[in-house]
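In what follows, a single structure is set out as C-alpha cells and then discussed.
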Amino acid sequence: MKLLLAVVTRLNKPSFWTQCVRCQSSGANSGLLPLADPALIVGSSRELVQRLGPQVEVRTGFITEEEEGAFLRELEPGLKKKRYEFDHWDDAIHGYRETERVRWGEACEEILNRVRSVAFVEGSPLLGPVHVLDLDKSGYIKPHIDSVKFCGSTIAGLSLLSDSIMRLVKEDDASERLDLLLPRYSLYILRDQARYNFTHEILKDEESVFNGQKIPRQRRISVICRNLPGQHPH
Ligand SMILES: O=C(O)CCC(=O)C(=O)O
Ligand SMILES: [Fe+2]
Ligand SMILES: [Mn+2]
C-alpha cells in the first residue's frame with residue numbers, strides 16, 4: 001500500500017526545537033534546525049512530521065543553475081567513462097554510476113563549503129571524499145540505512161538535474177513514513193533519528209508521485225556530504 005495520509009503540514013516554528021535523542025542537548029546549540037520548507041514534506045501522520053521535522057530539512061534553490069553547471073563541468077568527464085550498473089539485483093541502488101572526490105575546483109568547493117556550514121556543526125569531522133551518485137532516468141535507490149560504521153549522524157545532499165522523491169520509513173514500524181520532495185537545485189539534510197532509525201530511498205519514475213502529483217524523474221546526480229561516526233556533537 002503506497003497510500004499516505006497526505007498530511008502536508010505547515011508547522012509553527014517553536015515546536016520544531018527538540019532535544020537530541022543521544023546527547024540530550026537542546027536544539028539551540030546542537031545544530032537542529034527548523035524545517036526550511038515544510039510544504040515539501042508529507043507524512044503518514046501530523047505527529048510524525050512534528051516529531052521528525054527537526055531532523056529533516058529540504059532547502060529549495062540552494063544552488064543556482066550556474067552552480068549546477070559548475071558541478072556538471074567538473075563531474076561529467078569522469079562519470080561518462082563509467083557505465084550505469086543495472087545488473088546487481090541485491091544492490092541498494094539500481095541504474096547508477098558513482099564516484100567520490102576529495103579535491104574540487106574553486107566554484108564547487110565554495111558551494112560545498114556552504115553545504116558544510118549549514119549541515120554540520122563547526123569543527124565536526126567530515127568524511128573527506130564527497131560522494132557523487134549519478135542515477136539513470138530509470139534508476140532508483142531501494143530502502144536502506146547508511147552504514148553506521150562509516151558515516152556519522154548527518155547526511156547532506158544536493159540534487160542536480162532532476163526533481164525526485166525521497167521516502168523515509170521507520171525501520172521497525174513501516175506505518176511511520178515521510179515523503180520528501182527534493183526539487184532540482186535543493187539541499188536535503190537528514191540527521192539523528194531520521195538518519196539512524198528510518199530507511200531512505202529515492203523512488204523510481206513510475207512511483208514518483210508527491211501528494212497526488214506526478215514528479216517526473218529524469219537523470220539525477222546527487223552530491224552528498226557526510227560526517228564521521230562516533231563524534232559528538234553531531
Ligand atoms: O542520492 C541521494 O541523495 C542519496 C544517496 C544514498 O542514499 C546513498 O548513497 O547512501
Ligand atoms: Fe547529539
Ligand atoms: Mn543512503
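Here the sequence shown stands for residues 1 to 234, where the numbers follow UniProt numbering. A virtual CB, placed ideally from N, CA and C, is assigned to each residue, including glycine.
- Is the beta carbon of P128 within less than 7 angstroms of some heavy atom of ligand 1? The sequence as given places Gly at residue 128; Pro does not occur at that position. Not so, every heavy atom of ligand 1 lies at least 7 angstroms from the Cβ.
- Candidates K214, L48, L187: closest to G61 by CA position: L187
- Query: Taking Cβ to Cβ, would you say R184 is nearer than 8 angstroms to S159?
  - Reply: yes
- Among Y196, S44, V209, L79, which has the Cα closest to the Cα of L222? Per the sequence presented here, residue 222 reads as Ser, with Leu not at that position. S222 has its Cα closest to that of L79, out of Y196, S44, V209, L79.
- Roughly how many angstroms lie between the CA atoms of D87 and H94, to the nearest whole one? 8 angstroms
- Pull up the DSSP beta-bridge partners for H131, would you. E100, I224
- Check I155 in the structure and name its three-state DSSP category. strand
- Message: Considering only heavy atoms of ligand 5 and the C-beta of each residue, which residues fall inside 6 angstroms, strictly closer?
- Response: Questions concerning ligand 5 fall outside what the structure shown contains, since the ligands it does hold are ligand 1, ligand 2 and ligand 3.
- Message: Quick check: the Cα distance between S124 and N227, rounded to an integer number of angstroms?
- Response: 7 angstroms
- Message: Can you tell me whether G123 is helix, strand or coil according to DSSP?
- Response: coil
- Query: So is T64 buried or exposed if we call it buried at 16+ other beta carbons inside 10 Å?
  - Reply: exposed
- Item | Close Cβ partners of H144 (< 8 angstroms) along its chain, the five nearest in sequence each way excluded | A92, T199, H200, E201
- Any non-hydrogen atom of ligand 1 closer than 7 angstroms to G139 Cβ: no
- Message: Taking the straight line between their C-alpha atoms, what separation do you get for L135 and R220?
- Response: 5 angstroms
- Item | Buried/exposed call for F210, threshold 16 Cβ in 10 Å | buried
- For the alpha helix (DSSP H) that A174 lies in, which residues bound it at each end? Element bounds for A174: not the alpha helix (DSSP H) but the beta strand (DSSP E), 173-182.
- Query: Assuming G139 and V102 make a contact with CB atoms under 8 angstroms, what is their CB distance in whole Å?
  - Reply: In fact, because the Cβ distance is near 25 angstroms, the residues do not count as touching under 8 angstroms.
- Message: For E201, report the span of its alpha helix (DSSP H) as first-last.
- Response: Looking at the DSSP string, E201 is not in any alpha helix (DSSP H); the run it does join, the beta strand (DSSP E), is 198-202.
- In this structure, what does DSSP give as the bridge partners for I41? L180
- Is it buried or exposed for E68, if we count other Cβ within 10 angstroms and need 16 for buried? buried
- Query: Nearest-angstrom Cα distance between S45 and R51?
  - Reply: 10 angstroms
- Between the C-alpha atoms of V165 and L203, what's the straight-line distance to the nearest angstrom? A small fix is needed here, since residue 165 is Ile in this sequence, not Val. Rounded to whole angstroms, I165 to L203 spans 6 angstroms at the Cα level.
- Query: Exposed or buried, which one is G212 when buried takes at least 16 other CB atoms within 10 Å?
  - Reply: exposed
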